[in-house]
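Colleague: Below is a structure I'd like to ask you about.
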Amino acid sequence: MKLNNPLILAIISVGLTGCAKVLPLDYVNYNGSDAATLYVLNREGNVGTIYLGSYTLNSKENCYDMSDRYELDSNIFQSKGNIVKSKIKPDVLYSVSQIKNLGGFIQYTHSALIPEAGRHYYIASGNKAVQVPGDFNPDASTNPDEIVKKYSNNQVKYWNVKKICSRPFWKIG
Numbered sequence: 003m004k005l006n007n008p009l010i011l012a013i014i015s016v017g018l019t020g021c022a023k024v025l026p027l028d029y030v031n032y033n034g035s036d037a038a039t040l041y042v043l044n045r046e047g048n049v050g051t052i053y054l055g056s057y058t059l060n061s062k063e064n065c066y067d068m069s070d071r072y073e074l075d076s077n078i079f080q081s082k083g084n085i086v087k088s089k090i091k092p093d094v095l096y097s098v099s100q101i102k103n104l105g106g107f108i109q110y111t112h113s114a115l116i117p118e119a120g121r122h123y124y125i126a127s128g129n130k131a132v133q134v135p136g137d138f139n140p141d142a143s144t145n146p147d148e149i150v151k152k153y154s155n156n157q158v159k160y161w162n163v164k165k166i167c168s169r170p171f172w173k174i175g
């Protein structure tokens, strides 16, 4: 099939550009000397995808627009449980989001943080991020509530993840 119609080519180009913003890429670690470390729990039995998104304040609408979204881990079958370790840029508004397939319905969870240079953070989907020591060695079999309780007094910067801007899919990008 030969595509000579410029309108068809334009529609395809716009569609692919939109998909590039909606469909995430695999995350590539940040390599700066000021990198923070993020540990994300992919719980045993989880079926779904875990994303790392960065956001910027849209002061006109008083909400946060997504800048980038990357896939950290994805399971179409039940996960055996694992920890995803990522090096991230400090002072960026991040959300670790998870889309879980719970059989009859889909559940979305978001956990926000603003990492500081050289610090280490742990997130179990739907929980707040906690700052953990540099020698922290996470294990997927450890109860995440125990980790959150143990390190809950460590100070972490957050942003209001409930104020993510809502956009129809045709306006993304």
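Using our numbering, you'd call the opening residue of the sequence shown number 3 and step up by one each time.
For glycine and all other residues, C-beta sits at the position ideal for the given N, C-alpha and C.
#1: Determine which residues share a DSSP beta bridge with Cys167 and list them.
#2: From Asn44 to Gln109, what does the alpha carbon distance come to, in whole angstroms?
#3: Indicate whether Leu74 and Tyr123 have their beta-carbon atoms separated by less than 7 angstroms.
#4: Nearest to Asp147 by CA position, among Val132, Ala38, Gly105 and Asn64, is which residue?
#5: Tell me which residues share the same chain as Thr111 and place their Cβ nearer than 8 angstroms to its Cβ, disregarding the 5 neighbours each side in the sequence.
#6: Tell me whether the beta-carbon of Asn77 lies closer than 7 angstroms to the beta-carbon of Asn48.
#7: Tell me whether Ile85 sits in a helix, a strand or coil according to DSSP, three-state version.
#8: Just to confirm before moving on: does the CB-CB distance between Leu115 and Tyr41 stay below 7 angstroms?
#9: Take the Cβ of Ala22 as the centre, count every other Cβ of all protein chains shown within 10 Å, and call the residue buried at 16 or more, exposed below.
#10: Could you check whether Val158 and Ser97 sit closer than 7 angstroms to each other, using their CB atoms as the reference points?
#11: Provide the residue(s) that pair with Ser76 in DSSP beta bridges, ordered along the chain.
#12: Within the segment 131-156, note down every full beta strand (DSSP E) run reaching 3 residues or more, in order along the chain.
#13: For a test of the three-state rule: what should DSSP assign to Asp70, helix, strand or coil?
#14: Report the option in Gln80, Phe79, Leu104 and Ala38 whose CA atom is closest to the CA atom of Thr95.
#15: Would you list the one or two residues that DSSP bridges to Leu27?
#16: Taking all protein chains shown into account, decide if Pro135 is buried (16 or more other Cβ within 10 angstroms of its Cβ) or exposed.
#17: Less than 6 angstroms between C-beta atoms, sequence neighbours within five positions excluded: which residues of the same chain meet that for Thr58?
#18: Using only the alpha-carbon positions, how far apart do Phe79 and Arg71 sit?
Modeller: Taking the structure as given:
#1: Answer is none; Cys167 lacks a bridge partner.
#2: Taking the CA atoms as reference points, Asn44 sits about 15 angstroms from Gln109.
#3: No. Outside cutoff.
#4: Checking every option, the nearest Cα to that of Asp147 belongs to Val132.
#5: Ser99, Gln100, Lys102, Ser127 and Gly128
#6: yes
#7: strand
#8: The answer is no: Cβ separation not under 7 angstroms.
#9: Annotation note: pLDDT 46 at Ala22 (below 50); position unreliable, coordinate value reported separately. Result: exposed.
#10: no
#11: Thr51
#12: Counting whole runs of 3 or more residues, the segment 131-156 contains the beta strand (DSSP E) stretches 132-134.
#13: Here Asp70 sits in strand by DSSP.
#14: Residue identity differs from the one stated: residue 95 is Leu in this sequence, not Thr. Out of Gln80, Phe79, Leu104 and Ala38, Ala38 has the C-alpha closest to the C-alpha of Leu95.
#15: Looking at the DSSP assignment, Leu27 forms a beta bridge with Tyr72.
#16: exposed
#17: The answer, listed in chain order, is Asp67 and Ser69.
#18: Their backbone Cα atoms lie some 22 angstroms apart in a straight line.
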